[in-house]
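Below you'll find the structure, written out as structure tokens, and then a few comments.
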Amino acid sequence: MSIKENIENIKKRIKEAAERSGRNEEDIVLIGVTKTVDTDIMKEAIKFGIDNIGENRVQEMKKKYEDISENLNWHMIGHLQSNKVKYIIDKVSLIHSLDRMSLAKELEKRAEQHNITVNSLIQVNIAEEESKFGLKGEEVIPFIENILKFERINIKGLMTIAPFDENPENVRYVFRQLKGLAKDIEAKGYSKIEMKYLSMGMTNDFEVAIEEGSNMVRIGTGIFGKRTY
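Using full-length UniProt numbering, the letters of the sequence shown map in sequence onto residues 1 to 229.
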């Protein structure tokens, strides 16, 4: 299928999953994940309505940001090294991978230098996979209580990556637990801490994620096809 057809297919499935969970498709943000995708192909996706772009690597985001003039929302969805923050702090709309205090300190420092605030999601490793980054579920609330002192960081929600499974039903619990954690955080009534976004769900499991409360899905293969890294 063409990129246009892929996008239409994903949007149709988002709509159906949203309806199953009593929501509208407009409630769900579709992020096109463009890791290793060249700018010509990206521009085709942008033409067909993809205006949220997700990148895993700082250098790739920086280059594409400079090469593409369209008005887009750029999302850093990969692990973010503290020493790379300075390259994207003034370019990124939302960082999905805040997972440690050293990164928070660097974000605060660089945001202050640019006189901006930075929107972030806290990455949570619900399944506690050793191969993935993120805080354990029980670490999130203490982490938030430490984050409150930073004036330049706006926490907008949570992000998780479920283990890959051919049957997405097997990872439904991951999404359900993240939603439950978000509710627990909301109940605390912290100032400056929003649970506006739950970034969960990728090509193989986004429908289940939406059914469990996701309102931000990260789709790469479903739009651009399989890529070799």
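Glycine included, each C-beta is placed from N, C-alpha and C at the ideal position. Treat the numbers as computed from the prediction; the structure is a model and nothing was measured.
Nearest-angstrom Cα separation, counted from residue j out to residue i
| i | j | result |
| --- | --- | --- |
| Lys196 | Lys156 | 5 angstroms |
| Glu166 | Val174 | 15 angstroms |
| Met101 | Arg110 | 14 angstroms |
| Thr160 | Lys63 | 26 angstroms |
| Leu107 | Asn204 | 32 angstroms |
| His79 | Asp51 | 22 angstroms |
| Gly180 | Asn125 | 14 angstroms |
| Ser2 | Ser69 | 23 angstroms |
| Ile112 | Ser82 | Here residue 112 is Glu; the residue named in the question, Ile, does not match the sequence. Taking the straight line joining both Cα atoms gives about 15 angstroms. |
| Arg57 | Lys35 | 8 angstroms |
| Ile77 | Asn170 | 23 angstroms |
| Lys11 | Asn119 | 25 angstroms |
| Phe206 | Glu5 | 18 angstroms |
| Gln59 | Tyr87 | 8 angstroms |
Helix, strand or coil at residue i [DSSP, three-state]
| i | result |
| --- | --- |
| Arg172 | helix |
| Met61 | helix |
| Gly32 | strand |
| Asn56 | coil |
| Lys179 | helix |
| Glu194 | strand |
| Val37 | coil |
| Gly201 | coil |
| Arg23 | coil |
| Lys156 | strand |
| Met42 | helix |
| Asn73 | strand |
| Ile10 | helix |
| Ile161 | coil |
| Ile219 | strand |
| Lys226 | coil |
Cβ-Cβ separation, residue j to residue i (assumed contact under 8 angstroms), whole Å
| i | j | result |
| --- | --- | --- |
| Ala104 | Phe133 | Contact doesn't hold; Cβ gap of about 14 angstroms is too wide. |
| Asn73 | Ser93 | 4 angstroms |
| Gly32 | Ile223 | 5 angstroms |
| Met216 | Val29 | 4 angstroms |
| Gly220 | Leu198 | That belief does not hold up - the Cβ atoms of Gly220 and Leu198 are roughly 19 angstroms apart, past 8 angstroms. |
Assigned exposure category for residue i - 16 Cβ within 10 Å defines buried
| i | result |
| --- | --- |
| Ile116 | exposed |
| Gln123 | buried |
| Glu129 | exposed |
| His96 | buried |
| Ser191 | exposed |
| Ala45 | buried |
| Leu148 | exposed |
(message) In chain order, what are the residue ranges of uninterrupted alpha helix (DSSP H) at least 4 long that sit wholly in the segment 78 to 150?
(response) 85 to 88, 101 to 114 and 140 to 147
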